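Trainee:
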Amino acid sequence: MIDPAYVALYAALEGEPFPVPAIDLKRIVDPKFLRREVDYATSEEPGTVVVDPNERFAWYVLGNGRAVRYGVGVGKVEAFNFQGEATIAWKAKWPKWTPTADMIARDPLRYGPLRNGLPGGPGNPLGPRALYLHRDGRDTFYRLHGTVEPWTIGTKVSSGCIRLLNQDIIDLHDRVRDGSKAIVLPIRSEAMA
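Below, the structure written as structure tokens:
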């Protein structure tokens with residue numbers, strides 16, 4: 021039985037320029053990936069976002085040993101994943117998406133026709149919100165964003181960006197301020213995981 025609080029948390033959202041449908045909670049890989057406030061011991065300042073690609077979680081640090089935890093999908097290949105510290109230089113609602121040159125080179129049939137980008141909307145792979153990671157004043161081309169494939173949360177699936185359920189990225193977007201710190205922890209080798 022699905023907790024009614026989660027049904028409400030992941031219900032369809034009104035007031036958006038495009039539909040944000042309800043999440044079918046029966047298709048989530050594991051309920052542990054649903055948003056919740058948790059104990060989280062860290063020395064990071066409140067407002068910091070910490071992503072652990074090994075555990076498939078992101079935390080928004082609240083302070084006083086607490087954080088909001090979100091399930092995430094991460095890069096399917098270790099080399100695709102960003103690691104280290106970054107700044108959330110800016111954030112966007114219903115962002116445009118453009119595949120990177122590397123994505124086009126890896127899969128030209130899939131990404132080549134999209135080289136000029138895809139406007140924001142229900143078919144856009146970034147979903148309703150995106151947070152843009154920069155390092156040393158430069159775009160890393162990595163994002164925290166929504167997804168059109170909610171069943172992939174908790175898996176290795178993306179081309180390197182961190183994906184969240186659409187309701188979760190909207191929640192995180194509303195909490196985070198431009199210029200906030202983001203940390204993506206190192207990937208452990210499969211032997212250590």
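So in the working numbering, spot 131 of the sequence shown is number 151, and the numbers just go up one at a time. Idealized CB from N, CA, C, for every residue including glycine. Source: prediction; values computed, not measured.
Could you check whether Thr107 and Val81 sit closer than 7 angstroms to each other, using their CB atoms as the reference points?
Mentor: Here residue 81 refers to the residue found at position 61 of the sequence shown. Here residue 107 refers to the residue found at position 87 of the sequence shown. Cβ atoms of Val81 and Thr107: not closer than 7 angstroms.
Trainee: For Thr172, does the three-state DSSP call read helix, strand or coil?
Mentor: In the sequence shown, the residue the question calls residue 172 occupies position 152. Here Thr172 sits in helix by DSSP.
Trainee: With a CB to CB cut of under 6 angstroms and the five nearest residues on each side skipped, what residues in its chain are close to Gln187?
Mentor: As a first step, residue 187 is located in the sequence shown; it is residue number 167 there, counting from the start. So the list reads Tyr30, once near-sequence residues are dropped.
Trainee: Determine, using beta carbons only, whether Gly143 and Trp114 come nearer to each other than 7 angstroms.
Mentor: Locating residue 143 in the sequence shown gives position 123, where the first residue counts as 1. Locating residue 114 in the sequence shown gives position 94, where the first residue counts as 1. No; because the gap between Cβ atoms is not below 7 angstroms, this pair is not in contact.
Trainee: Tell me, please, whether the region 37-56 touches the region 185-199 by the rule of three or more beta-carbon pairs shorter than 8 angstroms.
Mentor: With a cut-off of 8 angstroms, the region 185-199 and the region 37-56 count as touching, because enough Cβ pairs lie within range.
Trainee: Taking only the alpha-carbon atoms, compute the straight-line gap between Leu151 and Trp110 and give it to the nearest angstrom.
Mentor: Locating residue 151 in the sequence shown gives position 131, where the first residue counts as 1. Locating residue 110 in the sequence shown gives position 90, where the first residue counts as 1. Taking the straight line joining both Cα atoms gives about 6 angstroms.
Trainee: In the DSSP assignment, what residue or residues form a beta bridge with Ser200?
Mentor: Locating residue 200 in the sequence shown gives position 180, where the first residue counts as 1. The partner list for Ser200 (beta bridge, DSSP) reads Ile108.
Trainee: Which two residues bound the contiguous beta strand (DSSP E) that contains Asp59?
Mentor: Here residue 59 is taken as the residue at index 39 of the sequence shown, counted from 1. Here the beta strand (DSSP E) through Asp59 covers Arg56 to Asp59.
Trainee: Who are the Cβ neighbours of Leu45 in its own chain at under 8 angstroms, not counting the five residues just before and after it?
Mentor: As a first step, residue 45 must be located in the sequence shown, where it is residue number 25. Excluding positions up to five away in sequence, the list reads Ile22, Tyr26, Val27, Tyr30, Pro51 and Leu54.
Trainee: I'd like to know whether the C-beta atoms of Tyr131 and Pro119 end up nearer to each other than 7 angstroms.
Mentor: What you label residue 131 is simply residue 111 of the sequence shown in a count that begins at 1. What you label residue 119 is simply residue 99 of the sequence shown in a count that begins at 1. It is a contact, given that the beta carbons lie within the stated cut-off.
Trainee: How would you call Ala211, buried or exposed, if buried means at least 16 neighbouring beta carbons within 10 angstroms?
Mentor: The count along the sequence shown starts at 1 and reaches residue 211 at position 191. A caution first: Ala211 carries a pLDDT of 36, below 50, which makes its placement in the model too unreliable to give a value.
Trainee: Rank Arg89, Phe38 and Cys181 by C-alpha distance to the C-alpha of Asp59 and give the top, closest one.
Mentor: Translated into the one-based positions of the sequence shown, residue 59 becomes position 39. Comparing Cα-Cα distances from Asp59 to each of Arg89, Phe38 and Cys181, the minimum goes to Arg89.
Trainee: If you draw a straight line from the alpha carbon of Val177 to that of Asn84, how long is it in whole angstroms?
Mentor: The residue labelled residue 177 in the question sits at position 157 within the sequence shown. The residue labelled residue 84 in the question sits at position 64 within the sequence shown. Cα to Cα, Val177 sits roughly 33 angstroms from Asn84.
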